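Okay, so here's the structure we're looking at.
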């Protein structure tokens with residue numbers, strides 16, 4: 476079941492940009508768009524809305540004025556070119572406040588904040604420890620990666636190279652941060668440069684781990700921990 480989003484903005488280009496951002500998230504869908512708060516009210520009265528993206532300055536009725544009239548407003552992310560309205564928005568309990576032009580990086584942070592505050596239990600939208608996927612940025616794209624498909628990850632200076640069954644993704648990411656994100660998902664750190672998926676280990680010795688025909692070294696300081704994790708895994 477996807478998260479239903481509505482976009483309210485009097486600028487067509489702003490709506491198109493948000494639609495483009497949302498289209499990159501498999502578990503979100505835009506169910507309606509409109510260019511003023513009056514039409515938005517009609518939409519909210521006739522269909523369920525999980526997340527509302529709303530501009531502030533619009534003709535007839537502003538986004539903030541609309542929120543004040545709603546008894547049970549949906550989770551809302553404000554989108555505007557005017558920084559000075561931020562405090563008013565947060566006083567109304569909005570999730571986040573995005574300044575135009577909205578980059579995907581900033582948009583995605585707002586989505587993560589939304590997921591953190593919303594108690595969804597669908598398979599796609601679980602807590603970080605329960606989710607079966609992560610997002611990795613490579614170039615200008617975010618790749619949705621099923622953690623069960625990850626074979627191992629290796630560190631290369633400020634980057635990590637994630638090897639899956641189907642592809643290799645290079646992302647500007649510290650391996651220590653990736654380790655935290657994969658915590659509780661069946662991965663172990665075997666070396667300062669390597670994290671491996673326990674499910675894909677085919678053989679091991681005191682000094683190395685085998686994943687198929689590939690051998691990865693086990694760091695001296697990790698040996699006891701790795702042995703215990705494999706025995707218990």
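Numbering (my numbering), first residue to last: 476 to 708. Cβ coordinates follow ideal geometry from the N, Cα and C atoms, glycine included. Only a predicted model underlies this, so the values are computations on that prediction, with no experimental measurement involved.
Its chain contains 478, 479, 480, 549, 550 and 593 as the residues whose beta carbon lies nearer than 8 Å to that of residue 525, once the 5 sequence neighbours on both sides are disregarded; these appear in chain order. Beta-carbon to beta-carbon, residue 578 and residue 613 are separated by about 16 Å, too far to satisfy the 8 Å threshold. With the rule of 3 Cβ pairs closer than 8 Å, the segment 536-545 does not count as touching the segment 501-510.
The straight-line gap separating the alpha-carbon atoms of residue 528 and residue 552 is approximately 5 Å. Linking residue 506 to residue 482 through their CA atoms gives a straight-line distance of about 9 Å. Restricting attention to 488, 490, 609 and 576, the CA atom closest to the CA of residue 500 is found in 609. Judged by DSSP secondary structure, residue 651 falls within the alpha helix (DSSP H) whose first and last residues are 650-656. In this structure, the straight-line span from the alpha carbon of residue 545 to that of residue 662 is close to 45 Å. Taking 8 Å as the upper bound for CB-CB distance, residue 530 and residue 484 are in contact here, some 4 Å apart.
Per DSSP, the continuous alpha helix (DSSP H) segment holding residue 580 begins and ends at 579-592.
For a cut-off of 8 Å, the C-beta gap from residue 641 to residue 668 is around 23 Å, too long to register as a contact.
In this structure, DSSP gives residue 685 an extended state, which the three-state scheme calls strand. Judged by beta-carbon spacing, residue 653 lies beyond the 8 Å limit of residue 671, meaning their Cβ atoms are not closer than that value. With respect to the C-alpha of residue 639, the residue from 665, 611 and 490 having the closest C-alpha is 611.
Of the other Cβ atoms in all chains shown, fewer than 16 fall within 10 Å of the Cβ of residue 615; this residue is therefore exposed. In this structure, the CA atom of residue 591 is about 10 Å from the CA atom of residue 585. For residue 544, the enclosing alpha helix (DSSP H) covers residues 538-544.
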